[in-house]
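Colleague: Residue numbers (this note's numbering): 65 to 466. For each residue, glycine too, the CB sits at the ideal point set by N, CA and C.
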Amino acid sequence: RYKARDRSGALFVGTFESANDTGVAGHLTRLGYTPVSIIEEAKGGTAALLSYRFDRVRQEEVIILSRQLLTLINAGIPFIGIFSSLADQTENPALKKVIVEIRKDVEKGGTIADAFEKHPKIFSPLYVNMIRAGEASGMLDVMLERLVMLAEHDAETRARIKAAVRYPLIVVVALIAAFVIVVMFVIPRFASLYDSFDVELPFPTRVMIAINTIAQNYGIFVALAVILSVIGVKRYIQTVTGRLWWDSFKLKIPIFGPIFTKTALSRFARVFGVLTRSGLPILKTLEIVAETVGNKFLSRIVLSLRDSARQGQGISQPLKASGVFPPLVLQMVGVGEETGSMEEMMIKVSEYYDREVEYAIKNLATSLEPIILTVIGGAVLFLALAIFLPWWNLINVVKGGS
């Protein structure tokens, strides 16, 4: 761990791997820094290794990192000092290690974009290409500002969706828990009582007893079958064909499908507009958008736009042929092509979809309430009939016998 000052006297703190302190001092001197102190740092033990292996980098941490990077760039600090400062301020061991590796790559003369590109699990293709465009144009701070804007917009949308579905999920989980308790603990006691009377059990009770029997005798096999099915579906979705089917299916789910569609289209339009404004070629822009739209079904549509643009044609006709975009969006894209203001039109398209998504999320709870009430009412009625109908039959038997 070293402390060093640059030519202007600013102090920087960081770490560097070397065989001895002389190697660290020589490295800092070649970079134009004056070493102040160099102290050998103790190696991390097993706990640190396990912490790194299991820690993951959340999207919120990447947003904070980008904000800090933007602030330090605007302050005029050299990149070596920037990444040293970021590494010191980062608490996540996994992200800290990545920042240190990025700093080493930059120290060796590599570009920042190439250093970020070596960590695809943390930095998306959109992130890397925006950084590369910023380095090439000398507007890295502008590109970072737009990146943060995109990331914060996506995080805000995800947070709103999670907040909207939190209550329905709690209700469903509570209903499932109640059903399991009744099947596993209540029904067996009633079943032993019913066996002592020569009474025909009602249909709901017989169903509950059958479920209890299956759970007790074949519960392990049922659970194993469910686990294997889930694993099989996940592996199928990881394939190209399975991913395409799943992404297409998500867009058709009632209530949630329109939200997924509008969110993906908003992301498509916003990223397209930002990259176009950044000066990237149209073919490269469409290639990046296809990778970052988050839906393989829509990615194919975007790739068809790229093929159309490569042939010198516009993108409005492929958009119309896809059948996904509404007429208003097609008109705005057409106007953008004719007037040369495509980036402005795409930003307006994104804002239009943002309003649609916000409205859909606000009404999500209202749309789910009838379904939830129907499911809860049906489940409660079924459980009540399964438990209380036999009691009524037993009372009638007792009255008849007396």
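Between the Cα of N84 and the Cα atoms of T98, Y66 and Y97, which residue gives the shortest distance?
Modeller: Locating residue 84 in the sequence shown gives position 20, counting from the first residue. Out of T98, Y66 and Y97, Y66 has the C-alpha closest to the C-alpha of N84.
Colleague: Give the range of the beta strand (DSSP E) segment to which P322 is assigned.
Modeller: On the sequence shown, position 258 is the one that residue 322 refers to. P322 -> not in any beta strand (DSSP E); alpha helix (DSSP H) instead, spanning F320 to R341.
Colleague: Would the segment 315-335 and the segment 407-427 be scored as touching if the rule is three or more Cβ pairs under 8 angstroms?
Modeller: Flag = yes, the segment 315-335 and the segment 407-427 touch.
Colleague: What's the C-alpha gap between P189 and I275?
Modeller: Indexing the sequence shown from 1 puts residue 189 at position 125. Indexing the sequence shown from 1 puts residue 275 at position 211. Near 50 angstroms, if we compare the C-alpha coordinates of I275 and P189.
Colleague: Taking the beta carbon of L392 as the centre, do at least 16 other beta carbons fall within 10 Å, making it buried, or is it exposed?
Modeller: Here residue 392 refers to the residue found at position 328 of the sequence shown. L392 is exposed by the Cβ-count criterion.
Colleague: Specify, as a first and last residue, the run of the beta strand (DSSP E) that P232 falls within.
Modeller: Taking the sequence shown and counting its residues from 1, one reaches residue 232 at position 168. First-last for P232: L204 to I245, but that is the alpha helix (DSSP H), not the beta strand (DSSP E).
Colleague: Starting from L316, follow its DSSP beta bridges and name the residues at the other end.
Modeller: Along the sequence shown, one-based indexing puts residue 316 at 252. First, the amino acid is wrong: residue 316 is Lys here, not Leu. Its beta-bridge partners do not exist; DSSP assigns none.
Colleague: If I follow the unbroken beta strand (DSSP E) through P266, where does it start and stop?
Modeller: Taking the sequence shown and counting its residues from 1, one reaches residue 266 at position 202. First-last for P266: undefined, no H or E at that position.
Colleague: Helix, strand or coil for Y66, going by three-state DSSP, please let me know.
Modeller: Translated into positions along the sequence shown, residue 66 becomes position 2. Of the three classes helix, strand and coil, the one that applies to Y66 here is strand, per DSSP.
Colleague: Would T98 and R122 be called neighbours here (beta carbons separated by less than 7 angstroms)?
Modeller: The count along the sequence shown starts at 1 and reaches residue 98 at position 34. The count along the sequence shown starts at 1 and reaches residue 122 at position 58. No; because the gap between Cβ atoms is not below 7 angstroms, this pair is not in contact.
Colleague: Under a three-way DSSP split, which group does I102 fall into?
Modeller: Taking the first residue of the sequence shown as 1, we reach residue 102 at position 38. DSSP places I102 in strand when its eight states are reduced to three.
Colleague: Give the C-beta separation of E124 and A228 to the nearest angstrom, bearing in mind that I take them to be a contact with Cβ-Cβ under 8 angstroms.
Modeller: For the purposes of this step, residue 124 is identified with residue 60 of the sequence shown, where counting begins at 1. For the purposes of this step, residue 228 is identified with residue 164 of the sequence shown, where counting begins at 1. Actually they are not in contact, since the Cβ atoms of E124 and A228 sit about 19 angstroms apart, beyond 8 angstroms.
Colleague: Give me the residue from I176, T349 and G376 with the minimum Cα distance to S363.
Modeller: Residue 363 sits at position 299 when you count from the first residue of the sequence shown. For the residues I176, T349 and G376, the minimum Cα distance to S363 belongs to T349.
Colleague: Rounding to the nearest angstrom, what Cα-Cα distance links F267 and P434 in this structure?
Modeller: The residue labelled residue 267 in the question sits at position 203 within the sequence shown. The residue labelled residue 434 in the question sits at position 370 within the sequence shown. The alpha-carbon of F267 is positioned some 27 angstroms away from that of P434.
Colleague: Span of the alpha helix (DSSP H) holding S148?
Modeller: Here residue 148 is taken as the residue at index 84 of the sequence shown, counted from 1. The continuous alpha helix (DSSP H) containing S148 extends over residues F143 to Q153.
Colleague: Quick one: what's got a C-beta closer than 7 angstroms to P322's C-beta in the same chain, skipping five residues either side?
Modeller: Residue mapping note: residue 322 aligns to position 258 of the sequence shown, counting from 1. Excluding sequence neighbours, P322 sits near A424.
Colleague: Spatial neighbours of E401 within its chain, please: C-beta separation below 8 angstroms, excluding the five flanking residues on both sides.
Modeller: The residue labelled residue 401 in the question sits at position 337 within the sequence shown. Same-chain partners within the cutoff: G378, I379 and S380.
Colleague: Residues in the same chain with beta-carbon distance under 6 angstroms from A151, minus the five sequence neighbours each way, listed in chain order, please.
Modeller: Indexing the sequence shown from 1 puts residue 151 at position 87. Answer for A151: K160, I163 and V164, listed in chain order.
Colleague: I'd like to know if the segment 168-179 and the segment 306-324 are in contact, where contact means that at least 3 CB-CB pairs between them fall below 8 angstroms.
Modeller: Output reads no: the segment 306-324 does not touch the segment 168-179.
Colleague: Go through the segment 365-441 residue by residue and report every complete run of the alpha helix (DSSP H) that reaches 4 residues or more, in order.
Modeller: Entirely contained in the segment 365-441, the alpha helix (DSSP H) runs reaching 4 residues are, in chain order, 380-386, 391-403 and 406-426.
Colleague: Flag this pair as yes or no: are the beta carbons of P437 and V246 separated by less than 7 angstroms?
Modeller: Against the sequence shown, residue 437 aligns to sequence position 373. Against the sequence shown, residue 246 aligns to sequence position 182. Checking the displayed sequence, the identity of residue 437 turns out to be Leu instead of Pro. Taking 7 angstroms as the Cβ cut-off, L437 and V246 do not qualify as a contacting pair.
Colleague: In or out: N359 buried (at least 16 other Cβ within 10 Å) or exposed?
Modeller: Numbered from 1 along the sequence shown, position 295 holds the residue referred to as residue 359. By the 16-neighbour rule on beta-carbons within 10 angstroms, N359 is buried.
Colleague: Let me check understanding here. Comparing Cα to Cα, which of E171, F389 and S149 lies closest to Y417?
Modeller: The count along the sequence shown starts at 1 and reaches residue 417 at position 353. Here the closest residue by C-alpha is F389.
Colleague: Round the Cβ separation of L134 and L208 to the nearest angstrom and send it over; I've been treating them as touching at under 8 angstroms.
Modeller: Sequence index remark: in the sequence shown, residue 134 carries index 70 (1-based). Sequence index remark: in the sequence shown, residue 208 carries index 144 (1-based). In this structure L134 touches L208 by the C-beta definition: roughly 4 angstroms separates them, less than 8 angstroms.
Colleague: Specify, as a first and last residue, the run of the alpha helix (DSSP H) that R167 falls within.
Modeller: The residue given as residue 167 occupies position 103 in the sequence shown. Unbroken alpha helix (DSSP H) run through R167: P157 to E171.
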